[in-house]
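In this text, residue positions in the sequence shown follow numbering that gives the first Met the number 0: the first is 0, and each later residue adds one. Below: one structure, written as structure tokens.
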Amino acid sequence: MSEPILTAPFLVEMIRTASNMYQHGWDERNGGNISLRLDETEISPFLDTSTVLRTLPTGFDAPALDGTCFLLTGAGKYFKNVPYDPPKNLGLIRLADAGRTAEILWGFSDGGRFTSELPAHLMSHSARLAEDPNSRVVMHCHPANLIAMTYVHDLDPRAFTRTLWQMCTECIMVFPDGVNVLPWMLCGTNEIGAATAAQMHTARLVVWAQHGIYGAGTSLDETFGLIETAEKAAEIYMKIAHLPRKATITDAQLRQVAAHLKLTPREGFLETTNL
Ligand code: 13P
Ligand code: ZN
Numbered sequence: 000m001s002e003p004i005l006t007a008p009f010l011v012e013m014i015r016t017a018s019n020m021y022q023h024g025w026d027e028r029n030g031g032n033i034s035l036r037l038d039e040t041e042i043s044p045f046l047d048t049s050t051v052l053r054t055l056p057t058g059f060d061a062p063a064l065d066g067t068c069f070l071l072t073g074a075g076k077y078f079k080n081v082p083y084d085p086p087k088n089l090g091l092i093r094l095a096d097a098g099r100t101a102e103i104l105w106g107f108s109d110g111g112r113f114t115s116e117l118p119a120h121l122m123s124h125s126a127r128l129a130e131d132p133n134s135r136v137v138m139h140c141h142p143a144n145l146i147a148m149t150y151v152h153d154l155d156p157r158a159f160t161r162t163l164w165q166m167c168t169e170c171i172m173v174f175p176d177g178v179n180v181l182p183w184m185l186c187g188t189n190e191i192g193a194a195t196a197a198q199m200h201t202a203r204l205v206v207w208a209q210h211g212i213y214g215a216g217t218s219l220d221e222t223f224g225l226i227e228t229a230e231k232a233a234e235i236y237m238k239i240a241h242l243p244r245k246a247t248i249t250d251a252q253l254r255q256v257a258a259h260l261k262l263t264p265r266e267g268f269l270e271t272t273n274l
């Protein structure tokens with residue numbers, strides 16, 4: 000006899016995270032999506048994983064993820080509603096057929112499907128796993144200040160990262176790898192998925208200009224915290240960008256923070272001269 004699936008730690012944490020993201024204003028309407036990589040052994044105490052409810056084509060190959068399970072938000076589903084009806088707004092899939100088929104094991108109970116951003120999620124999982132075998136989460140949302148910044152700031156990743164690092168001391172501690180930035184592209188496509196994944200090799204945060212941000216991490220908490228920190232920095236930037244700057248965090252100070260915590264800032268992103 001299985002335990003009730005709504006008591007599964009991964010589901011409890013997913014529901015809390017989606018609610019928290021909604022409360023932060025990052026996920027208006029159906030904005031945003033989350034995927035959490037799971038081992039089948041984590042799922043099997045709660046679900047008979049030999050029962051496949053339906054299958055759906057993914058629309059691309061993901062051979063490295065064949066047989067991998069993911070808990071995901073649904074296409075068109077409102078983060079606001081996730082806690083009220085988890086099986087309708089979330090779903091559990093297992094990839095088969097070299098990643099070309101998603102076997103639905105639980106959820107998407109109204110006949111729905113996984114997020115339209117599945118390509119960006121799965122391709123980003125593959126990219127991050129190549130860098131860090133503990134990577135488990137890909138998170139996308141629409142935080143207002145990061146989006147606002149993409150209208151007024153240079154989109155060069157070095158320039159964008161340096162501004163965020165200068166906005167609060169914690170930033171370089173939380174994302175020493177910086178952020179990458181994609182120009183505006185059509186969302187929900189394999190093309191934006193591949194472009195996002197390519198950027199995920201060098202940073203765990205990828206900004207989509209005039210759209211939102213992708214974050215990747217080892218847990219829902221960590222990934223939420225990454226985006227939270229970047230969005231806080233963007234908020235400070237949007238508060239001060241139009242005002243005369245009287246102070247900043249210098250490159251020497253940023254290097255001091257990194258050295259103190261034994262972190263390696265993204266190669267080439269700090270000035271080498273002792274500013
Ligand atoms: P989904 O509802 O398909 O997850 O799409 C939301 C979104 O943010 C698209 O970029
Ligand atoms: Zn989006």
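Yeah, the Cβ is synthetic: ideal placement off N, Cα and C, and Gly gets one too. Given the structure is predicted, the values throughout are model-derived calculations rather than measurements.
Contact belief for Met199 with Arg127 at Cβ below 8 Å, rounded distance in angstroms: With a Cβ gap of about 5 Å, Met199 and Arg127 count as contacting.
Unbroken alpha helix (DSSP H) run spanning His259, endpoints: From DSSP, the alpha helix (DSSP H) with His259 extends over Asp250 to His259.
Pull up the distance between the alpha-carbon of Ala232 and that of Arg36, whole angstroms please. If you take the alpha carbons of Ala232 and Arg36, they lie about 28 Å apart.
CB of Gly192 to nearest heavy atom of ligand 2: below 7 Å? For Gly192, the CB stays at least 7 Å from every heavy atom of ligand 2.
Measure the C-alpha to C-alpha separation of Val173 and Ala74 and round it to an integer number of angstroms. Take the alpha-carbon of Val173 and the one of Ala74: they are about 30 Å apart.
Check whether the Cβ atoms of Thr114 and Asn32 lie closer than 8 Å to each other. Cβ atoms of Thr114 and Asn32: closer than 8 Å.
State the Cα-Cα distance for the pair Gln209 and Pro243, rounded to the nearest angstrom. Answer to the nearest angstrom: the Cα atoms are 25 Å apart.
For Ser123 and Asp214, the rounded distance between their alpha carbons: Rather than Asp, the amino acid found at residue 214 in this sequence is Gly. Straight-line Cα distance between these residues: approximately 9 Å.
Go through its chain and collect everything with a Cβ distance to Met166's Cβ below 6 Å, but skip five positions before and after it. Taken in chain order, the residues that qualify are Ala232, Ile235 and Tyr236.
Given this structure, state the Cα-to-Cα distance separating Leu94 from Ala229, to the nearest angstrom. Rounded to the nearest angstrom, the gap between the Cα atoms of Leu94 and Ala229 is 32 Å.
Considering just the uninterrupted stretch of the beta strand (DSSP E) at Gly214, what are its terminal residues? Gly211 to Gly216 is the extent of the beta strand (DSSP E) around Gly214.
What I want to know is whether the C-beta of His120 ends up closer than 7 Å to one or more non-hydrogen atoms of ligand 2. The answer is no for His120.
In angstroms with no decimal places, state the Cα-to-Cα distance between Thr57 and Phe268. One C-alpha to the other measures close to 37 Å.
Would you identify the three-state DSSP class for Ala143, choosing helix, strand or coil? The answer is helix: DSSP assigns Ala143 an H, G or I state.
Would Gly72 pass as a contact of Leu89 if the rule is Cβ separation under 8 Å? According to the sequence shown, residue 72 is Thr rather than Gly. In this structure, Leu89 lies closer than 8 Å to Thr72 by Cβ.
Buried versus exposed call for Ala202 [16 or more other C-beta atoms within 10 Å across all chains shown]: Counting the other Cβ atoms within 10 Å of the Cβ of Ala202 gives 16 or more, which makes it buried.
Cβ of Ser218 within 8 Å of Cβ of Val136? It is a contact, given that the beta carbons lie within the stated cut-off.
Taking the C-alpha atoms as reference points, what is the distance between Asp327 and Ala246? The structure shown does not extend to residue 327, since the chain is modelled only from 0 to 274, so the question has no answer here.
Indicate whether Thr16 and Ala119 have their beta-carbon atoms separated by less than 8 Å. The Cβ atoms of Thr16 and Ala119 lie no closer than 8 Å to each other.
Between Cys186 and ligand 2, is the CB less than 7 Å from at least one heavy atom? Relative to ligand 2, the beta carbon of Cys186 is positioned inside 7 Å of a heavy atom.
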